[in-house]
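What follows is one structure encoded as structure tokens, with my remarks underneath.
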Amino acid sequence: MTHDAIAVIDFGGQYAHLIATKVRRLRVLAEIRQPDDPTEAFQAYKGIIISGSPSLSSFGEDSAYNKAIYDLPVPILGLCFGHQEIAKHYGGTVTHGGREWGPADLHVVVDSPLFKGLARTERVWMSHFDSVTSVGPEFREVGFTTLGGSEAAHRYAAIGSDTLRRYGVQFHPEVDDTVHGSEMIANFVFDICGCQASWTMERYVEERIEQVRQQVGGRSVFLLASGGVDSTVAARLLGLAIGADRLHLLHVDNGLMRKHESQEVLETFRAFGLDRNLHFVDASDDFLTALAGAVEPEAKRTVIGNTFIEVFEREARRLGIEGHLLGQGTIYPDTIETGGTRRADTIKTHHNRVPVIERMIAEGRVVEPLADLYKVEVRELGEKLGIPHGLVWRHPFPGPGLGVRLLCSSGVPSRDGFEAIEPRVAELAAGFFKDVPGINRCVWNLGRHAPSRVRPLPATVTRDRLDLLREADHLVMAGLRRHGIYDDIWQCPTAMLPLEVDGCGREFIVVRPIHSERAMTATPARLPEALLGELREQVLRLPGVSGLALDITTKPPGTIEWE
Numbered sequence: 082m083t084h085d086a087i088a089v090i091d092f093g094g095q096y097a098h099l100i101a102t103k104v105r106r107l108r109v110l111a112e113i114r115q116p117d118d119p120t121e122a123f124q125a126y127k128g129i130i131i132s133g134s135p136s137l138s139s140f141g142e143d144s145a146y147n148k149a150i151y152d153l154p155v156p157i158l159g160l161c162f163g164h165q166e167i168a169k170h171y172g173g174t175v176t177h178g179g180r181e182w183g184p185a186d187l188h189v190v191v192d193s194p195l196f197k198g199l200a201r202t203e204r205v206w207m208s209h210f211d212s213v214t215s216v217g218p219e220f221r222e223v224g225f226t227t228l229g230g231s232e233a234a235h236r237y238a239a240i241g242s243d244t245l246r247r248y249g250v251q252f253h254p255e256v257d258d259t260v261h262g263s264e265m266i267a268n269f270v271f272d273i274c275g276c277q278a279s280w281t282m283e284r285y286v287e288e289r290i291e292q293v294r295q296q297v298g299g300r301s302v303f304l305l306a307s308g309g310v311d312s313t314v315a316a317r318l319l320g321l322a323i324g325a326d327r328l329h330l331l332h333v334d335n336g337l338m339r340k341h342e343s344q345e346v347l348e349t350f351r352a353f354g355l356d357r358n359l360h361f362v363d364a365s366d367d368f369l370t371a372l373a374g375a376v377e378p379e380a381k382r383t384v385i386g387n388t389f390i391e392v393f394e395r396e397a398r399r400l401g402i403e404g405h406l407l408g409q410g411t412i413y414p415d416t417i418e419t420g421g422t423r424r425a426d427t428i429k430t431h432h433n434r435v436p437v438i439e440r441m442i443a444e445g446r447v448v449e450p451l452a453d454l455y456k457v458e459v460r461e462l463g464e465k466l467g468i469p470h471g472l473v474w475r476h477p478f479p480g481p482g483l484g485v486r487l488l489c490s491s492g493v494p495s496r497d498g499f500e501a502i503e504p505r506v507a508e509l510a511a512g513f514f515k516d517v518p519g520i521n522r523c524v525w526n527l528g529r530h531a532p533s534r535v536r537p538l539p540a541t542v543t544r545d546r547l548d549l550l551r552e553a554d555h556l557v558m559a560g561l562r563r564h565g566i567y568d569d570i571w572q573c574p575t576a577m578l579p580l581e582v583d584g585c586g587r588e589f590i591v592v593r594p595i596h597s598e599r600a601m602t603a604t605p606a607r608l609p610e611a612l613l614g615e616l617r618e619q620v621l622r623l624p625g626v627s628g629l630a631l632d633i634t635t636k637p638p639g640t641i642e643w644e
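Position one of the sequence shown corresponds to residue 82 (my numbering), numbered consecutively onward.
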């Protein structure tokens, strides 16, 4: 190992790779390790970070890991679940209860190298059900938290032993909502572990190119190129690794694209010099036929993923290149949200992680040069590879396209309608998520009147519904650019729900502008009043639209896409 490195122990959830990303952005190599890896696997690292987990430490869940790591002479930092496991190992106690979710204030009560240079009160992000309630004799309480303006102290939110060089925090410094989380991680990596910054994106490019060459060998690659950031960067990297002659690009119009999307994608690839083996197919009929009658989100994602492969295989046979490997611009959130790591919860299945793709991966027939990166790193890589700024920084667009923004329904409500509540502010929405079980999304009605009755209608994926959603999405995107805020917003999905409001219309439009960096967490972005007024007039005039709302949900608890 030629670089100082940190081992991140992956206990599942959405945590380990976020931590690794934060460390790598400090120009220090971070590598993911499993909790049951042998002790020898950790001996080359300068420090260890133990991730959070969906498991409950108080009940001993996921406790059968290699605890010999605690005997290693390197610093260890535990986050959330890792914090609780460190406390238990050294004689402390963990209790189920004292749940915290969302922003909290950390009050640092003693000096600690972990919080060097930071204020005595820091805004942090909580997401836990278990709590440390006491610490062992070699540890001390470094800080406690208060939540939502409450004066009640949540004890032992930060603990440490400078002698043992063991530290734990109940909150998540790896998420951007912990305001100075990066500085806390930097203090651990540099001051406590003594790492030197030498890991760069240039080094990543060199190593990935070599890995791709080893995997591909003398074969060629057939890449499904949507024209988005991920597939374009993947195409560029694959081209550098194996040469343009062995890289075939296929752009599929699946009928789920944005307005004029396919035409713009083909023009982009031609302008960028990636058209030597550029192929195009209009397969909208295939996808719409396959989606006929599909209602459930998981069913739609599976249909879309399988149809992509069917089209890919059909076109490969037509072009005589069926022996090529399949290239994909998969990034890490696609994998972990499908439950692709050993201990990850399944949040949603991505179109590039359906069973047929998993089988191809197991057979060594899939090349994914970006699978370890988050969106912000893909963009940094794209700029290093010379891809134009406007393309690198375009809003993310899901692989299944509008298929996951066009919600469907069997038309059978869970109860006979419901009374609508008009939220006032995003903070109120956070209160709903904390206090009301089963609520994970909150929208703000932008219609002219507060609706009194909403009724779900039967609906599936049809060309007419997609055309209406395309038009609404086009109005939103044009509005963001017109008001000069397109680049300030990370992503702004427009979703459509089959809802009748007060006996009128059939389709309810929801706009979800968010701020994020890595798609693992997100906060709602505020749109100018003038833009909201324009959208109210334009969208509500579209035929069949029953209402318009602004999604003010954070992630967690709600995913960025509605499906």
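A virtual CB, placed ideally from N, CA and C, is assigned to each residue, including glycine.
If the five residues before and after Q165 are omitted, its C-beta is found closer than 7 Å to the C-beta atoms of S138, V175, D211 and V213, all from its own chain and listed in chain order.
In the pairwise beta carbon analysis, the region 575 to 588 is classified as not touching the region 559 to 566: fewer than three pairs are separated by under 8 Å. Three or more Cβ pairs closer than 8 Å define a contact, and the region 613 to 628 meets that threshold against the region 585 to 592.
Apart from the 5 residues on each side of it in sequence, E345 sits with its Cβ closer than 8 Å to the Cβ of G308 in its chain, given in chain order. The beta carbon of G217 sits closer than 6 Å to the beta carbons of Y171, G172 and G173 from its chain, once the five residues preceding and following it are set aside; these are given in chain order. At least 8 Å separates the beta-carbon of H209 from that of S301. Secondary structure of A168 (DSSP, three-state): helix. Around the C-beta of N335, 16 or more other C-beta atoms lie within 10 Å, and the residue is accordingly described as buried. Put simply, the region 361 to 376 does not touch the region 441 to 450. Fewer than three CB pairs are less than 8 Å apart. Following the DSSP letters along the chain, one finds D363 in no alpha helix (DSSP H) but inside the beta strand (DSSP E) bounded by residues L359 to D363. The C-alpha of E615 is placed about 23 Å away from the C-alpha of W643. Considering only I641, P450, S490 and I385, the residue with the shortest C-alpha distance to E377 is S490.
Counting C-beta pairs with one atom in each stretch, the region 471 to 487 and the region 564 to 576 have three or more that are closer than 8 Å, which means they touch.
DSSP places I240 in the strand class (E or B) of the three-state scheme. Counting the other CB atoms within 10 Å of its CB gives Q292 a total below 16, which places it among the exposed residues. Look at S212 here: in three-state DSSP terms it is strand. Beta-carbon to beta-carbon, L337 and N358 are separated by about 24 Å, too far to satisfy the 8 Å threshold.
Taking C-beta atoms under 8 Å as the contact rule, I290 and L321 qualify, at a distance of about 6 Å.
Straight through space, the alpha carbons of E121 and G249 are spaced by roughly 23 Å. One Cα belongs to H360, the other to H332, and the distance between them is close to 6 Å. Apart from sequence neighbours up to five positions away, the residues of its chain that approach E464 with a beta-carbon distance below 6 Å are V473, ordered along the chain.
Assignment of A111 by DSSP, reduced to helix, strand and coil, places it in the strand class. For P605, the number of other beta carbons within 10 angstroms of its own is at least 16, and it is reported as buried.
Within its own chain, the residues whose Cβ lies closer than 7 Å to the Cβ of A397, once the five positions on either side in sequence are excluded, are F303, E403 and H405, listed in chain order.
Closest option to A125, judged by alpha-carbon separation, among I240, E112 and P539: E112. A direct Cα-to-Cα measurement between S279 and A510 gives close to 42 Å. Per the coordinates, the alpha-carbon of D568 lies some 8 Å from the alpha-carbon of H476. Around R522, the same chain offers T634 and G639 as residues with beta carbons nearer than 6 Å, after the five sequence neighbours per side are excluded. Just measuring C-alpha positions, the residue of I87, V205 and C161 sitting nearest Y96 is C161. Going by DSSP, N387 is part of the alpha helix (DSSP H) stretching over P378 to L400.
Of the other Cβ atoms in all chains shown, 16 or more fall within 10 Å of the Cβ of T411; this residue is therefore buried. H177 has D211 as its beta-bridge partners, per DSSP.
Here the region 257 to 271 lies against the region 96 to 108, with 3 or more beta-carbon pairs under 8 Å apart.
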